[in-house]
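Chemist: Provided herewith is a single structure, encoded as structure tokens, for subsequent inquiry.
There are 2 protein chains.
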Amino acid sequence: MSTDNINILNENVPSRIKTLRGLMQREGIAVYLIPDSDFHDSEYIGDYFKCREYMSGFTGSNGILAVTMDEAVLWTDGRYFIQAERELRGSGIEMYRMGEEGVPTYSEYIVSKLRSGETFGCDGRVLNARTGKKLREEIEEKGAFMRCDLDLTDEIWTDRPELSSEPVISLGFYLTGESITSKLKRIRVEMQKKKAEGFMLSSLDDIMWTTNLRGGDIEYSPVALSYLYVTLTECVIFINIEALTDAARNSLVSEGIIIRPYGDVLDFMSGRELPAKLMIDSRRSNYGIYSLLESRTKLVDITNPTEMMEACKNDTEIGMIRDVYTRDSAALTRFLYLMKTQYANQGMDEYTAALKLDGMRLENEGCYDLSFETISAYGSNAAMMHYSADKDNCSVIRPEGMYLVDSGGQYDGGTTDVTRTIAVGPVTDEMKKSFTLVCVGMLRLAGAVFLSGCTGRSLDVLAREPLWRFGSDYKCGTGHGVGYMLGVHTGPQRISPKYSEDIREAVLKPGMIVSDEPGVYIKGEYGIRTENILEIVEDQKTTDGTFLRFEHLTWVPIDLDLIDTDYMEPSDIELLNEYHEGVYEKIIPYMQTEEERDWLFEATRPLL
Amino acid sequence: MSTDNINILNENVPSRIKTLRGLMQREGIAVYLIPDSDFHDSEYIGDYFKCREYMSGFTGSNGILAVTMDEAVLWTDGRYFIQAERELRGSGIEMYRMGEEGVPTYSEYIVSKLRSGETFGCDGRVLNARTGKKLREEIEEKGAFMRCDLDLTDEIWTDRPELSSEPVISLGFYLTGESITSKLKRIRVEMQKKKAEGFMLSSLDDIMWTTNLRGGDIEYSPVALSYLYVTLTECVIFINIEALTDAARNSLVSEGIIIRPYGDVLDFMSGRELPAKLMIDSRRSNYGIYSLLESRTKLVDITNPTEMMEACKNDTEIGMIRDVYTRDSAALTRFLYLMKTQYANQGMDEYTAALKLDGMRLENEGCYDLSFETISAYGSNAAMMHYSADKDNCSVIRPEGMYLVDSGGQYDGGTTDVTRTIAVGPVTDEMKKSFTLVCVGMLRLAGAVFLSGCTGRSLDVLAREPLWRFGSDYKCGTGHGVGYMLGVHTGPQRISPKYSEDIREAVLKPGMIVSDEPGVYIKGEYGIRTENILEIVEDQKTTDGTFLRFEHLTWVPIDLDLIDTDYMEPSDIELLNEYHEGVYEKIIPYMQTEEERDWLFEATRPLL
């Protein structure tokens, strides 16, 4: 083995692990765990929280490190097996392949390593509460102990970055449509239903929604690191006080919110007299705060009521969202025009294409960020659902086959998400068949009328059945909720076929917005996804109940070069024509040249 | 109030209630409950078990009676409000309307009446175990007690009928395709998975399936009153020994099954040393046996594994079922021919029509009973889902509008269930529209291809969405499982849109059979239901998974006089034509006259 493959990180890893073992010895810890999370179980995490990366040298986004006195093990998933093997080489850390047969989960590993009387340690703040509770039960069943107040990495990582403290602003009423006071009132009604006098909220999107604040502490998601504690009479926010703009501070103070430093939350909750019953969502809290509160009062473990409140957008939000989505659609439409008419013939690469689109989107008024890293994928790269084109390692788009682009923006007035797949040259009949079936699935789901009370699982089949008929299935859900000036993947609603006794499903309600994104992914060949965001509206009330339906928020042409009407019912063609009529009407005002306008006219022509 | 409305039952009721209160006093019982069940939570119950009817005088099929020292209350549902009011008049028993706002449930009532230190009593054998457990918790939370060993009615009801003891036969291997030994082996595998060494089975259909026995103790369902106790080495059946035919006894003995009297089960299980872990399904056991076992060992509360085993028919069963369904379909087809061409013009009433059909069905080889009471409903009567035409109180079928018939038989080789709605004269456009949408829903569900892993809830929308689009919904599930020479409504599979965290859904598997019966019910006007029974088969295996689909088992024409193709996609028309091609092919051999054959040819003609 040559040594020049060992990167610089790895060289330091063995000594870091050694230092950690010393600290473990000092604290009497037999197994120490370093998960891959921040204090809020966020989808992306800031640099301050990258302890697992620092301690292991593995730079992938999914990894968990466990260290004993004589072993060190890192779990990661299939996306990272090759990268992890390379990055862990020489570190003394063994890679475990998550989910593969015969590979123990990290919980199983921890329990198997602990002997009776020994102690397991971790920083409970970066461990999900539900996971932590289960782990503790298993550990205690073995006669061992669990300590969750140990951030040992912090002692080793001397040049650890500061916690992010991006400015925190307050959204105007024209954007939110509801005051903090009104939101707290609704939360307190839910508390009273559960007979709880306190409510601890740790999920950042829920806190931002409640307080009408927005920050920048998490990539792509305008949230600020914070906790919120609500009682029937008080509301305390724990947040980096220096990061608050004057206006934000005033907005909190004027609505009676007490402001405390972010780092004070555990001390504050330890020192304070707690109500007899406190509401908390163990799925969306960290084990540190959960176990502290559990030791001090009776907890009612609920789904955050704020989740459903945020999910059902109010009229102000919906109004903003419709406008933002139309303008966002226009940017993508213009990009697709350029891709089809110019870029694909210029030998542009995926990375540059993404930059072009990102630039066009950010030119939109009120667009201040992307909502996730643009997926710009040509040919077989599109078969990877979470493909990311590196500047130095990406494909050139050639004038044949298909190109997929999944992208979105953060706007004043909404968070967008949209995917289109287009032909950039000649395509095969099979590609057209797959594309058409995906399009049919997307349109049928979007065109559904459904009885109030349905969850997304009852509707998933509408998008998927056209593909199932040909033995094809995509290995992910059909749709996710989308936040409002928040994370692009939110709940509780979801359109997914998965059944499990453990999955709590949310009923679909008017005002919710949800993605509709069936796909076909043929490894090594091509990938197709068509994603619109839909809004749920009332269809009609009859003696048999209230019926709901969807309306499109996304207005971007679906590439007719890829449509084969042999795979469509007349009603499918009608749905497509109606959709394209809407696209033309809404997008034509944004087309900037005669050529663009002509192209859009042609791209949205009705099929017979 | 005139007294001549008080019927004879009622006259005895007050003294019976008085006697009961005396017995309650003797036993120290403050509230006594008389539910409406047998020891096996069966859909229908035998005369021996009609304690609630005897004590209250109310003859409806759904009622629960609670008695305190100064009150007597009976709960029933909307179908019986009028009847119960009439039958309870003068009895001193007050009627409570189940499910109506402000009306306490019987559990709430019991708990509200009990004071700390008082005792609630019932015969735990007629109380569902899950219900009983919950009730006990609530009672104990109040500081009160629960006794479940009291069948006080038995002391009052001096002329109580004997327990049913119809002959019990053993099915030949040509009918079952699997020996008791083989079934027990599969059950023991499931026990070992749960680390249980014992398994108590109380549900009659599951016991019949396991032992290949059939009886006649429950109306329409060929089951014998019994319990089954399985350990890793032994199997004990508790059954009326005298009722066993010699062949049945021999079949049990030859496979090593120990036979004990039905009434011995509680004593036997009390006296015996029990394994450390015993499997039982609290949803399908009575509280008497459950609480006895719970007091003696650790219970693992599971869904009976036999439920899923019975649900997935083996090749022998499926072969028999296909043949039986074809012959059963032929009988119904010939009846529909007569109804459309003769009966409807002869002023025949619903009751006589049912008798005609029942007779034609029972003429079929191997058909020995109906599988439920035939629903023969003309006009607005069909809007009542569970309508039953009395001899002395039923409608005459006139040559206009629609007639609905829902019926089935018990055969050597299967249990059938089928519904058709036909025009018996001129119909309105709205009726045709409703009928067509129901037909489209039935055919789309039957024509679905779906990924293995789906439960019925994922598919329900296919049958329902055509109706939802027009603001119409039927207030019941779309489909239920069907037993094999057993009850016509079985689980665990179900096609239903209902979501609740408490509902355990069953994954659909090859070999299952399931009904597909959407409908439209317009109160006071008309009712439409089209019901086919479907078999689940494998469609194909691809790299994306195993795909399943349905095949029709029912082959009866769908009335083309009621079809309006304006409400159909071309693919719907294709599905209907293909189905009718199958009907013609399978049923023509059973048509007995040239007229019948000509009619069938016309009734199954392809639509363009």
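Read top to bottom, the protein sequences are chains A and B.
Yeah, the first sequence ends on 1617 if you go by our numbering, and it's all consecutive.
Yeah, the second sequence ends on 1617 if you go by our numbering, and it's all consecutive.
Glycine residues also receive a C-beta, built at the ideal position from the N, C-alpha and C atoms.
Keep in mind it's a predicted model, so treat the numbers as computed, not measured.
(1) Kindly indicate which residue of A:Thr-1563, A:Glu-1474, A:Glu-1510 has the alpha-carbon position closest to the one of Arg-1558 of chain B.
(2) Taking CB distances under 8 Å as the criterion, tell me whether Gly-1554 of chain B reaches chain A.
(3) Might you give, ordered along the chain, the residues of its own chain that have their beta carbon closer than 6 Å to the beta carbon of Ile-1054 of chain A, omitting 5 neighbours on each side?
(4) Can you pull the chain A residues whose beta carbon is under 8 Å from the beta carbon of Pro-1506 of chain B, in chain order?
(5) Determine the closest residue to Arg-1503 of chain A out of A:Ile-1522, A:Val-1436, A:Leu-1495, A:Glu-1510, with distance taken between C-alpha atoms.
(6) Taking 8 Å as the cut-off, decide whether the C-beta atoms of Tyr-1246 of chain B and Ile-1266 of chain B are in contact.
(7) At the 8 Å Cβ level, is Asp-1337 of chain B part of the contact set with chain A, yes or no?
(8) Rounded to the nearest angstrom, what separates Pro-1615 of chain B and Gly-1417 of chain B at their Cα positions?
(9) With H, G and I counted as helix, E and B as strand and the rest as coil, what does DSSP make of Ala-1205 of chain A?
(10) Quick check on this structure: which residue in B:Ser-1385, B:Glu-1547, B:Ser-1380 has the alpha carbon closest to the alpha carbon of Arg-1538 of chain B?
(11) Mind listing which residues of the region 1544 to 1571 of chain A have their C-beta closer than 7 Å to chain B's C-betas, in chain order?
(12) Secondary structure at Leu-1172 of chain A, three-state DSSP: helix, strand or coil?
(13) What are the boundary residues of the beta strand (DSSP E) that includes Ser-1235 of chain B?
(14) Does any residue of chain B have a CB that is nearer than 8 Å to the CB of Asp-1482 of chain A?
(15) With three or more C-beta pairs closer than 8 Å as the rule, is the region 1451 to 1471 of chain B touching the region 1523 to 1535 of chain A?
(16) Would you verify that the beta carbon of Pro-1579 of chain B is, or is not, closer than 8 Å to some beta carbon of chain A?
(17) Does Ser-1551 of chain B come out as helix, strand or coil in the three-state DSSP assignment?
(18) Taking the alpha-carbon positions, what's the Ser-1380 of chain A to Tyr-1493 of chain A distance?
(19) Would you please verify whether the beta carbon of Trp-1608 of chain A is less than 8 Å from any beta carbon of chain B?
(20) To which residues of the same chain is Ile-1017 of chain B closer than 8 Å at the C-beta, ignoring the five residues directly before and after it?
(21) Closest Cβ-Cβ distance between Glu-1611 of chain A and chain B: below 8 Å?
(22) Curious, which full-length alpha helix (DSSP H) runs of at least 4 residues does the region 1526 to 1596 of chain B contain?
(23) For the beta strand (DSSP E) holding Glu-1103 of chain B, just list the boundary residues, first then last.
(24) Within 10 Å of its beta-carbon, does Asp-1438 of chain A have 16 or more other beta-carbons around it, so buried, or fewer, so exposed?
(25) At a Cβ cut of 9 Å, what residues of the region 1487 to 1520 of chain A count as close to chain B, listed as they run along the chain?
(26) Can you find at least 3 beta carbon pairs, one from the region 1160 to 1172 of chain A and one from the region 1029 to 1046 of chain A, that sit closer than 8 Å?
(27) Is the beta carbon of Tyr-1236 of chain A sitting closer than 8 Å to the one on Ser-1211 of chain A?
(28) What is the rounded straight-line gap between the Cα of Ser-1125 of chain B and the Cα of Ala-1205 of chain A?
(29) Determine, using beta carbons only, whether Thr-1325 of chain A and Thr-1185 of chain A come nearer to each other than 8 Å.
(30) Cβ closer than 8 Å: which chain B residues qualify as neighbours of Arg-1478 of chain A?
(31) Is it right to say Gly-1207 of chain A is buried, meaning 16 or more other beta carbons lie within 10 angstroms of its own, or is it exposed?
(32) Pick helix, strand or coil for Gln-1092 of chain B, following the three-state DSSP scheme.
(33) Can you look up Arg-1258 of chain B in the DSSP assignment and give me helix, strand or coil?
(34) Using a Cβ-Cβ cut-off of 8 Å, state whether His-1471 of chain A counts as contacting chain B.
(35) Does the beta carbon of Leu-1617 of chain A come closer than 8 Å to any beta carbon on chain B?
(36) Could you confirm whether any beta carbon from chain A is found closer than 8 Å to the beta carbon of Glu-1621 of chain B?
Modeler: According to the data block:
(1) Here residue 1558 of chain B is taken as the residue at index 549 of the second sequence, counted from 1. Considering only alpha carbons, the answer is A:Glu-1474.
(2) Within the second sequence, residue 1554 of chain B is the residue found at index 545, counting from 1. Closer than 8 Å to some Cβ of chain A, the Cβ of Gly-1554 of chain B qualifies, so yes.
(3) Reading the first sequence from its first residue, position 45 is the one you call residue 1054 of chain A. So the qualifying residues of the chain are Asp-1047.
(4) The residue labelled residue 1506 of chain B in the question sits at position 497 within the second sequence. Going along chain A in sequence order, the residues near Pro-1506 of chain B (Cβ under 8 Å) are Leu-1460, Gly-1462, Cys-1463, Ser-1467.
(5) Counting from one through the first sequence, the residue named residue 1503 of chain A turns up at place 494. Per the Cα distances, A:Ile-1522.
(6) Translated into the one-based positions of the second sequence, residue 1246 of chain B becomes position 237. Translated into the one-based positions of the second sequence, residue 1266 of chain B becomes position 257. The amino acid at residue 1246 of chain B is misidentified as Tyr; the sequence shows Ile. A contact, by the Cβ cut-off of 8 Å.
(7) Looking up residue 1337 of chain B in the second sequence gives position 328. So, not an interface residue.
(8) As a working mapping, residue 1615 of chain B is identified with position 606 in the second sequence. As a working mapping, residue 1417 of chain B is identified with position 408 in the second sequence. Spanning the two alpha carbons is a distance of roughly 27 Å.
(9) For the purposes of this step, residue 1205 of chain A is identified with residue 196 of the first sequence, where counting begins at 1. Three-state result, Ala-1205 of chain A: coil.
(10) One-based indexing of the second sequence puts residue 1538 of chain B at position 529. Closest by alpha carbon: B:Ser-1385.
(11) With the criterion set as a beta carbon lying under 7 Å from some beta carbon of chain B, the members of the region 1544 to 1571 of chain A are Gln-1549, Thr-1551, Asp-1553, Gly-1554, Phe-1556, in sequence order.
(12) Position 163 of the first sequence holds residue 1172 of chain A. It is coil, neither helix nor strand.
(13) For the purposes of this step, residue 1235 of chain B is taken as the residue at position 226 of the second sequence. First-last of the beta strand (DSSP E) with Ser-1235 of chain B: 1235 to 1240.
(14) Numbered from 1 along the first sequence, position 473 holds the residue referred to as residue 1482 of chain A. With 8 Å as the cut-off, Asp-1482 of chain A counts as an interface residue toward chain B.
(15) no
(16) Looking up residue 1579 of chain B in the second sequence gives position 570. For Pro-1579 of chain B, the answer is yes, since a Cβ of chain A falls inside 8 Å of its Cβ.
(17) The count along the second sequence starts at 1 and reaches residue 1551 of chain B at position 542. Residue identity check: residue 1551 of chain B is Thr in the sequence provided, not Ser. Of the three classes helix, strand and coil, the one that applies to Thr-1551 of chain B here is strand, per DSSP.
(18) As a first step, residue 1380 of chain A is located in the first sequence; it is residue number 371 there, counting from the start. As a first step, residue 1493 of chain A is located in the first sequence; it is residue number 484 there, counting from the start. Approximately 11 Å between the Cα atoms of the pair.
(19) Within the first sequence, residue 1608 of chain A is the residue found at index 599, counting from 1. So no, Trp-1608 of chain A is outside the interface.
(20) Position 8 of the second sequence, counted from the first residue, corresponds to residue 1017 of chain B. Reliability fails at Ile-1017 of chain B, whose pLDDT of 45 lies under 50, so the model's placement of it is uncertain and the value that follows must be treated cautiously. None.
(21) As a first step, residue 1611 of chain A is located in the first sequence; it is residue number 602 there, counting from the start. Chain B, which has no Cβ nearer than 8 Å to the Cβ of Glu-1611 of chain A, makes this no.
(22) 1579 to 1596
(23) Mapped onto the second sequence, residue 1103 of chain B falls at position 94. Element bounds for Glu-1103 of chain B: 1103 to 1106.
(24) For the purposes of this step, residue 1438 of chain A is taken as the residue at position 429 of the first sequence. Burial call: exposed.
(25) So the close ones are Pro-1506, Lys-1507, Tyr-1508, Glu-1510, Arg-1513, Glu-1514, Val-1516.
(26) Taking 8 Å as the limit for Cβ pairs, the verdict is that the region 1029 to 1046 of chain A does touch the region 1160 to 1172 of chain A.
(27) In the first sequence, residue 1236 of chain A corresponds to position 227, counting from 1. In the first sequence, residue 1211 of chain A corresponds to position 202, counting from 1. In this structure, Ser-1211 of chain A lies closer than 8 Å to Tyr-1236 of chain A by Cβ.
(28) As a first step, residue 1125 of chain B is located in the second sequence; it is residue number 116 there, counting from the start. As a first step, residue 1205 of chain A is located in the first sequence; it is residue number 196 there, counting from the start. Looking at the two C-alpha atoms, the distance is approximately 27 Å.
(29) Your numbering for residue 1325 of chain A matches position 316 in the first sequence. Your numbering for residue 1185 of chain A matches position 176 in the first sequence. Contact: yes.
(30) Here residue 1478 of chain A corresponds to residue number 469 of the first sequence, with the count starting at 1. Ordered by position in chain B, the residues that pass the 8 Å Cβ test against Arg-1478 of chain A are Val-1458.
(31) Start at 1 with the first residue of the first sequence, and residue 1207 of chain A comes out as number 198. Buried.
(32) The residue given as residue 1092 of chain B occupies position 83 in the second sequence. Helix, per DSSP.
(33) Start at 1 with the first residue of the second sequence, and residue 1258 of chain B comes out as number 249. Reduced to three states, the DSSP call for Arg-1258 of chain B is helix.
(34) The residue labelled residue 1471 of chain A in the question sits at position 462 within the first sequence. This sequence places Leu at residue 1471 of chain A; His is not what is there. So, interface residue.
(35) As a working note, residue 1617 of chain A is residue 608 in the first sequence. No, Leu-1617 of chain A lies away from the interface with chain B (no Cβ there is under 8 Å from its Cβ).
(36) Absent from the model: residue 1621 of chain B. The displayed extent of chain B is 1010 to 1617, so no value can be given.
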